[in-house]
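Asker:
In this note's numbering, the protein residues as written are 752 to 1031.
(1) Can you round the beta-carbon distance between residue 847 and residue 878 to whole angstroms, since I take them to be within the 8 angstroms contact cut?
(2) Would you call residue 945 buried or exposed, if buried means 16 or more other Cβ atoms sit within 10 Å of its Cβ?
(3) If the criterion is Cβ atoms closer than 8 angstroms, does the pair residue 875 and residue 832 meet it?
(4) Counting C-beta neighbours from all protein chains within 10 Å, is the total for residue 1015 16 or more, i.e. buried, or is it exposed?
(5) Report the three-state DSSP secondary structure of residue 891 (helix, strand or coil).
(6) Enumerate in chain order the residues of its own chain whose CB-to-CB distance from residue 806 is below 6 angstroms, with the five nearest sequence positions on each side excluded.
(7) Mind checking whether residue 966 and residue 1029 have CB atoms under 8 angstroms apart?
(8) Using a 10 Å radius around the Cβ and a threshold of 16 neighbouring Cβ atoms, would you call residue 765 buried or exposed?
(9) Measure the C-alpha to C-alpha separation of residue 761 and residue 821 and round it to an integer number of angstroms.
(10) Compute the distance between the beta-carbons of residue 948 and residue 977, then report whether it is under 8 angstroms.
(11) Answer with buried or exposed for residue 787, where buried requires no fewer than 16 other C-beta atoms within 10 angstroms of its C-beta.
(12) Could you please give me the residues that DSSP links to residue 1015 through a beta bridge?
(13) Helix, strand or coil for residue 862? Go by DSSP, reduced to three states.
(14) Name the DSSP bridge partner or partners of residue 847?
(15) So the candidates are 862, 903 and 900; which of them puts its Cα closest to the Cα of residue 885?
(16) Identify every residue that forms a DSSP beta bridge with residue 952.
(17) What residue does the beta strand (DSSP E) around residue 1026 start on, and which one ends it?
(18) Along the alpha helix (DSSP H) that carries residue 777, what are the first and last residues, could you check?
(19) Please report how far the alpha carbon of residue 753 lies from the alpha carbon of residue 870, in whole angstroms.
(20) Short check: CB of residue 984 to CB of residue 1007, under 8 angstroms?
(21) Is the beta carbon of residue 779 less than 8 angstroms from the beta carbon of residue 921?
(22) Which of helix, strand or coil does DSSP assign to residue 837?
(23) To the nearest angstrom, report how far apart residue 987 and residue 1019 are at their CA atoms.
(24) According to DSSP, residue 1007 sits in a beta bridge with which residue or residues?
(25) Taking residue 981 as the reference, which of 1010, 791, 777 and 866 has the closest Cα?
(26) Under a three-way DSSP split, which group does residue 922 fall into?
If you want it as C-alpha cells, here you go:
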C-alpha cells in the first residue's frame, strides 16, 4: 500500500498497483482462509479444534454499535503488536489489516465476509474498517480473552520478548533467503546503456533467478522496451517513470513498478537512481 496521508478507510493502493503474493504473506506468518459461512461452519470448527481456540466473542465495528467509533478506529489504526496471536473471522462487512513486510513496508490485506486471518504474536500491524464503516467480526482466543495492544512507539523492541520472537521466527530467516537469492554468480563485466547513463551488473542467484543491480544517472528520459516481464525496484534515489505512455509517476527508495513483456517504460532522473531489476 502507499504511504500517503489521508482517510485510513480508503484503499491506499500503490500506483501502479503492486500486489503482495500469497508466498510473501506465508513468509510473514500470516494465515488466511476464505469461504467460512458462519459460526457452525465445519472449517471454522476444525481451525478452532486444531489451534486450541476455546473462547470466542463477536464485535461490531460501526458507528451505530461501537461507542466513540471514530476515536476507536483511530486507536485500532495505531501500529502495535500483541503478546498473543490476533485472530479474526469477518462475518459481515469489510475491513483492512495492514502488516509490515521484511523491508518494513506496509502491506494492506482486504478482508470480506467469510474471510479469516491469524496474525502471529509480535507482528506489527493495524486495523481499520473500509469506507463502508461496518464490520462484524468473531474474535478467537486460547483461554481467557486478552486483547492488549503494545504500540510501536511505546515499546523497546530490542528488549521486547514477543517482538524478538517474531523477528527471529519470520523476518531473520526471510532476510537471509532474500540475501541468498542475490548470491551466486555476478557478471564481472558491466552492462552499459544509453552512453553510460545506465550501468548495471547481472546477478544470477543460487536458485537460478536473474537480476541486475545498477544505477541510472541524471537524464531527461531513457526508454526501456521489454521483451519479457520485469519488476524494477528503487533502492536509493528518486525516479520519474512513465509506463506504456501513462502519466509520469514518482518512485522513491523501497518502491517498485512492473511492466509486462512487450511494454515499455521511460525513466527520468534528476540525481542518481540505484535500482534492482528482477527478470520475471
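Idealized CB from N, CA, C, for every residue including glycine.
Answerer: A quick look at the data gives this:
(1) In the chain shown, counting from the first residue as 1, residue 847 sits at position 96. In the chain shown, counting from the first residue as 1, residue 878 sits at position 127. Rounded, the Cβ-Cβ distance is 7 angstroms, consistent with contact.
(2) Against the chain shown, residue 945 aligns to sequence position 194. Around the Cβ of residue 945, a 10 Å sphere holds fewer than 16 other Cβ atoms; the residue is exposed.
(3) Within the chain shown, numbered from 1, the residue matching residue 875 stands at position 124. Within the chain shown, numbered from 1, the residue matching residue 832 stands at position 81. Yes, the pair counts as a contact, with Cβ atoms nearer than the cut-off.
(4) As a position in the chain shown, residue 1015 is number 264, starting the count at 1. A residue is called buried when at least 16 other Cβ atoms come within 10 angstroms of its Cβ; residue 1015 does not meet this threshold and is exposed.
(5) Stepping through the chain shown from its first residue, residue 891 is reached at position 140. In this structure, DSSP gives residue 891 an extended state, which the three-state scheme calls strand.
(6) Taking the first residue of the chain shown as position 1, residue 806 is located at position 55. Closer than 6 angstroms at Cβ, skipping near neighbours: 892 and 896.
(7) As a working mapping, residue 966 is identified with position 215 in the chain shown. As a working mapping, residue 1029 is identified with position 278 in the chain shown. Going by C-beta atoms, residue 966 is not nearer than 8 angstroms to residue 1029.
(8) Along the chain shown, one-based indexing puts residue 765 at 14. When all chains shown are included, residue 765 counts as buried.
(9) Taking the chain shown and counting its residues from 1, one reaches residue 761 at position 10. Taking the chain shown and counting its residues from 1, one reaches residue 821 at position 70. About 15 angstroms.
(10) Position 197 of the chain shown, counted from the first residue, corresponds to residue 948. Position 226 of the chain shown, counted from the first residue, corresponds to residue 977. Taking 8 angstroms as the Cβ cut-off, residue 948 and residue 977 do not qualify as a contacting pair.
(11) Residue mapping note: residue 787 aligns to position 36 of the chain shown, counting from 1. If you draw a 10 Å sphere on the C-beta of residue 787, you find 16 or more other C-beta atoms in it, and that means buried.
(12) As a first step, residue 1015 is located in the chain shown; it is residue number 264 there, counting from the start. Paired residues: 976.
(13) Counting from 1 along the chain shown, the entry for residue 862 is found at position 111. Note: residue 862 maps to strand in three-state DSSP.
(14) The residue labelled residue 847 in the question sits at position 96 within the chain shown. DSSP output for residue 847 lists 861 and 879 as bridge partner(s).
(15) In the chain shown, residue 885 corresponds to position 134, counting from 1. The residue with the shortest Cα to Cα distance from residue 885 is 862.
(16) What you label residue 952 is simply residue 201 of the chain shown in a count that begins at 1. Under the DSSP definition of a beta bridge, residue 952 partners with 964.
(17) Looking up residue 1026 in the chain shown gives position 275. Per DSSP, residue 1026 belongs to the beta strand (DSSP E) from 1024-1030.
(18) Start at 1 with the first residue of the chain shown, and residue 777 comes out as number 26. According to the DSSP assignment, residue 777 belongs to the alpha helix (DSSP H) that extends over 773-778.
(19) In the chain shown, the residue the question calls residue 753 occupies position 2. In the chain shown, the residue the question calls residue 870 occupies position 119. Using only the alpha carbons, I get a separation of about 21 angstroms.
(20) Position 233 of the chain shown holds residue 984. Position 256 of the chain shown holds residue 1007. Yes, the Cβ-Cβ distance between residue 984 and residue 1007 is below 8 angstroms.
(21) As a first step, residue 779 is located in the chain shown; it is residue number 28 there, counting from the start. As a first step, residue 921 is located in the chain shown; it is residue number 170 there, counting from the start. For the pair residue 779 and residue 921, the CB atoms are nearer than the 8 angstroms cut-off.
(22) Locating residue 837 in the chain shown gives position 86, counting from the first residue. Strand.
(23) Taking the first residue of the chain shown as position 1, residue 987 is located at position 236. Taking the first residue of the chain shown as position 1, residue 1019 is located at position 268. So the two alpha carbons sit approximately 14 angstroms from each other.
(24) Walking along the chain shown from the start, residue 1007 turns up at place 256. Answer by DSSP bridge pairing, in chain order: 984.
(25) Here residue 981 refers to the residue found at position 230 of the chain shown. Checking every option, the nearest Cα to that of residue 981 belongs to 1010.
(26) By one-based count along the chain shown, residue 922 stands at place 171. Correct three-state label for residue 922: helix.
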